[in-house]
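This report concerns only the one structure given below.
Number of protein chains: 2
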Amino acid sequence: MAGTITTLTICRTCRPEGAAADAEPAGSVLVRAVARAATDAAAVEVRAIACQSACSRACSATVAAAGKFSYVIGNLVPEDAADLVAFAEAHAAAVDGVPPWRSRPERIRKNTIARVPPPGADHPLVERLEPAGDA
Amino acid sequence: MAGTITTLTICRTCRPEGAAADAEPAGSVLVRAVARAATDAAAVEVRAIACQSACSRACSATVAAAGKFSYVIGNLVPEDAADLVAFAEAHAAAVDGVPPWRSRPERIRKNTIARVPPPGADHPLVERLEPAGDA
Chain U
460 MAGTITTLTI
470 CRTCRPEGAA
480 ADAEPAGSVL
490 VRAVARAATD
500 AAAVEVRAIA
510 CQSACSRACS
520 ATVAAAGKFS
530 YVIGNLVPED
540 AADLVAFAEA
550 HAAAVDGVPP
560 WRSRPERIRK
570 NTIARVPPPG
580 ADHPLVERLE
590 PAGDA
Chain H
460 MAGTITTLTI
470 CRTCRPEGAA
480 ADAEPAGSVL
490 VRAVARAATD
500 AAAVEVRAIA
510 CQSACSRACS
520 ATVAAAGKFS
530 YVIGNLVPED
540 AADLVAFAEA
550 HAAAVDGVPP
560 WRSRPERIRK
570 NTIARVPPPG
580 ADHPLVERLE
590 PAGDA
């Protein structure tokens, strides 16, 4: 599934701890920065969301595509926009959604909160279990 | 998409901070507990994975289904197995994968690390953005 579109979703309501309550949410600023950075990224579709439940690590973003691993990234600032788009492009290019280590910008590597395996798909990292009794 | 199967994936290599390096990973214990707890959960498929990149909040689990929001849960212990399965069942029953608040066990609510919107799908929480120039 290399070459598919990756959805890059930015939380537009994220406010890092200590941010002024009456200021524009940092997440909204990040949304604009990412939209600009993604102008030429044909494989990346940018979306904004009202809360990704990753509030303690604001600002947050996710990358996802059908049948692939998805990723959650936190502690983001607007200056990370280009790195985020580069990571989303690497995700789009990776058959299973797991970009090679060298394709992950350092800021993204260091602030990866989690990766979610694709539902119902076989993958070398994942082992399917049968529900067990008391065995 | 209510009534579909939800994949509940447990990290089997998770070791909470300070855990003995020569002991069985707590994640492996959690895998067994969840497999037992899911015996009668027809809508839940249990899988184990080698690392979900949520190591700082071990033990971790994810729930996912095609076209739905997925969730990442952390700080789990084997005693959370039944709550995890109940949450996965609520996820399977929710059309968009967002279980009603009352269907989320308290331990799961309090330890939700992130939710990932479904790629390429429309949802009231999500706004699609067009790549922008310098506008």
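From first to last, the protein sequence lines are chains U and H.
Numbering follows my numbering, with no gaps: position 9 of the first sequence is 468.
Numbering follows my numbering, with no gaps: position 23 of the second sequence is 482.
In this text, a Cβ means the ideal position worked out from N, Cα and C, and glycines have one as well.
Nothing here was measured: the structure is a model prediction, and the numbers come from that model.
(request) For the beta strand (DSSP E) holding H:Ile469, just list the boundary residues, first then last. (result) 465-470
(message) Output needed in chain order: residues of the stretch 560-586 of chain U with a Cβ under 8 angstroms from some Cβ in chain H.
(response) Thr571, Ile572, Ala573, Arg574, Val575, Pro576, Pro577, Pro578, Gly579, Leu584, Val585, Glu586
(request) Take the Cβ of U:Gly533 as the centre, count every other Cβ of all protein chains shown within 10 Å, and call the residue buried at 16 or more, exposed below. (result) buried
(message) Quick check: is the beta carbon of H:Val531 nearer than 8 angstroms to any beta carbon in chain U?
(response) yes
(message) Helix, strand or coil, according to DSSP, for U:Leu489 in the structure here?
(response) helix
(message) For a quick check, are the C-beta atoms of U:Pro576 and U:Phe528 less than 8 angstroms apart?
(response) yes
(message) Here's a check: name, in chain order, each residue in its chain whose Cβ is nearer than 6 angstroms to the Cβ of H:Ala540, leaving out the five neighbours to either side.
(response) Ala492, Val493, Ala496
(request) Kindly list the residues whose CB is nearer than 6 angstroms to the CB of U:Arg471, restricted to its own chain and excluding five residues on each side of it in sequence; keep chain order. (result) Gly486, Ser487, Val490, Ala507
(request) Per DSSP, which residues does H:Pro588 bridge with? Please list them. (result) Residue 588 of chain H is actually Leu in this sequence, not Pro. In DSSP, H:Leu588 forms a bridge with U:Val505.
(message) Taking the straight line between their C-alpha atoms, what separation do you get for H:Val536 and H:Cys518?
(response) 7 angstroms
(message) For U:Ala502 and U:Thr466, which I take to be in contact (beta-carbon distance under 8 angstroms), what is that distance rounded to the nearest angstrom?
(response) No, U:Ala502 and U:Thr466 are not in contact; Cβ-Cβ is about 11 angstroms, not under 8 angstroms.
(message) Could you compute how far the alpha carbon of H:Ala520 sits from the alpha carbon of H:Val531?
(response) 6 angstroms
(message) Can you find the residues in the same chain that come closer than 6 angstroms, C-beta to C-beta, to U:Val557, ignoring five residues on each side of it along the sequence?
(response) Phe528
(request) Please report the Cβ distance between H:Ala524 and H:Thr463, rounded to the nearest whole angstrom; I am assuming they are in contact, meaning their Cβ atoms lie under 8 angstroms. (result) The beta-carbon separation of H:Ala524 and H:Thr463, rounded to 5 angstroms, stays under the 8 angstroms limit for a contact.
(message) From the DSSP secondary-structure annotation, give me the bridge partner or partners of U:Val575.
(response) U:Ser529
(request) Quick one: grab the DSSP three-state call for H:Ala496. (result) helix
(request) Please state if the CB of U:Leu543 and the CB of U:Ile572 are separated by a distance shorter than 8 angstroms. (result) no
(message) Only counting the same chain, and skipping five residues up and downstream in sequence, which positions put a Cβ closer than 6 angstroms to that of U:Thr468?
(response) Arg506, Ile508, Thr521
(message) Could you tell me the alpha carbon to alpha carbon distance between H:Val554 and U:Ala478, rounded to whole angstroms?
(response) 35 angstroms
(message) Strictly below 9 angstroms CB to CB, what residues from chain H border U:Thr468?
(response) Val575, Pro576, Pro578, Val585
(request) Kindly indicate the opening and closing residues of the alpha helix (DSSP H) around H:Glu544. (result) Reading off the sequence, residue 544 of chain H comes out as Val, not Glu. Here the alpha helix (DSSP H) through H:Val544 covers 540-552.
(message) On the criterion of 16 or more Cβ atoms from any shown chain inside 10 Å, does H:Ser515 qualify as buried, or is it exposed?
(response) exposed
(message) Give me the residue from H:Glu538, H:Cys510, H:Ala580, H:Gly579 with the minimum Cα distance to U:Glu586.
(response) H:Cys510
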